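Note that this note's numbering gives residue 121 to position 109 of the sequence shown, counting from 1, and the numbers run on in steps of one.
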Amino acid sequence: MFTQIALPYAYDALEPVIDTLTVETHYGKHHATYTKNFNDFAEKAGVADKSVEEVLATLDTVEDPALRKALRNNGGGFYNHNLYFSTLSPNAKHAPEGALLEKINATFGSLDAVIEKISAAAAGQFGSGWSWLSANPAGDLMVSASPNQDNPISEGTGFVPILAVDVWEHAYYLKYRNLRPDYIKALFGIIDWKKVEELYATVTT
Ligand code: MN3
Numbered sequence: 013m014f015t016q017i018a019l020p021y022a023y024d025a026l027e028p029v030i031d032t033l034t035v036e037t038h039y040g041k042h043h044a045t046y047t048k049n050f051n052d053f054a055e056k057a058g059v060a061d062k063s064v065e066e067v068l069a070t071l072d073t074v075e076d077p078a079l080r081k082a083l084r085n086n087g088g089g090f091y092n093h094n095l096y097f098s099t100l101s102p103n104a105k106h107a108p109e110g111a112l113l114e115k116i117n118a119t120f121g122s123l124d125a126v127i128e129k130i131s132a133a134a135a136g137q138f139g140s141g142w143s144w145l146s147a148n149p150a151g152d153l154m155v156s157a158s159p160n161q162d163n164p165i166s167e168g169t170g171f172v173p174i175l176a177v178d179v180w181e182h183a184y185y186l187k188y189r190n191l192r193p194d195y196i197k198a199l200f201g202i203i204d205w206k207k208v209e210e211l212y213a214t215v216t217t
C-alpha cells in the first residue's frame, strides 16, 4: 500500500506564498487521486510489493504499454508530490550548509546560481511538468526539468530528486494566474533547505 505523506503543516500554513485553497485541492484532490490510482495500477501490474522508486526505475519490465504509462504517470504523481509537499515549510531554512552547500558551490558557483538554474528550468518547461535538483550516490548534483509526472528516476538518469518545483497550473494558477515565474520566485521562500540537506545525505550514503 502506497501512502500519501501526512501534510506536515496546515492547509493555510504556506500563505501568502501558496493560498489555502490551492494546498487543499493540490494535496487533498490531485495528490490523493494519483495515490489511489497508483495503488490500483500497481496491484494490477503485480508490483505493489516494490518501492515506488523501484517501480519507476523498472517501468520497462511492464509489458502492457497502457499499464506502463499508467504506472509512470500515477507513480510519478504519487512520488513527486510526496517530495514537493515534504520539502515546503512555513519555517523554511533559507540556505543549505555543509556537504550540500559545498557541492552546490563547486558545481554551480553559488546558491543563487543554482536557484536561478532550477527556476529557469521550471519557467522554461513547456506545458505541465517539474524542475528538479537531483543527486546521485556519488554526490553529484544535476538540475533538470521533466514533462508531465516524469522525474529523473523514471527517466533512468541514475539521479534522485531532492528538490521539486511543480509547474503544473494546478500548483499556482488560482493565485498567480499566468505568472509562473512569480510563483517560482515565491516558492523558494518556503523551500526548506534543511529537508533538502537530509535528502542529499540519504541519497549519498
Ligand atoms: Mn501538482
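Virtual Cβ for every residue (Gly too), placed ideally from N, Cα, C. Given the structure is predicted, the values throughout are model-derived calculations rather than measurements.
Given a threshold of 16 other Cβ atoms within 10 Å of its Cβ, counted over all protein chains shown, does phenylalanine 53 qualify as buried or as exposed?
buried
Look at the alpha carbon of tryptophan 205 and the alpha carbon of serine 156, and state the distance between them as a whole number of angstroms.
18 Å
When the Cβ atoms of the region 134-141 are set against those of the region 158-166, are three or more pairs found closer than 8 Å?
yes
Which term fits arginine 189, buried or exposed, when burial requires 16 or more other beta carbons within 10 angstroms of its beta carbon?
exposed
What does a CB cutoff of less than 8 Å around isoleucine 196 pick up in its chain, not counting 5 residues either side in sequence?
Ser131, Ala134, Ala135, Val177 and Val179
With the cut-off set at 8 Å, would you say lysine 207 and serine 63 are in Cβ contact?
no
Where do the ends of the alpha helix (DSSP H) carrying leucine 175 lie?
Looking at the DSSP string, leucine 175 is not in any alpha helix (DSSP H); the run it does join, the beta strand (DSSP E), is 172-178.
Tell me whether histidine 106, by its Cβ, gets closer than 7 Å to a heavy atom of the ligand MN3.
Checking the Cβ of histidine 106 against the ligand MN3 gives no.
Hey, proline 108 and tryptophan 144: beta-carbon distance below 8 Å or not?
no
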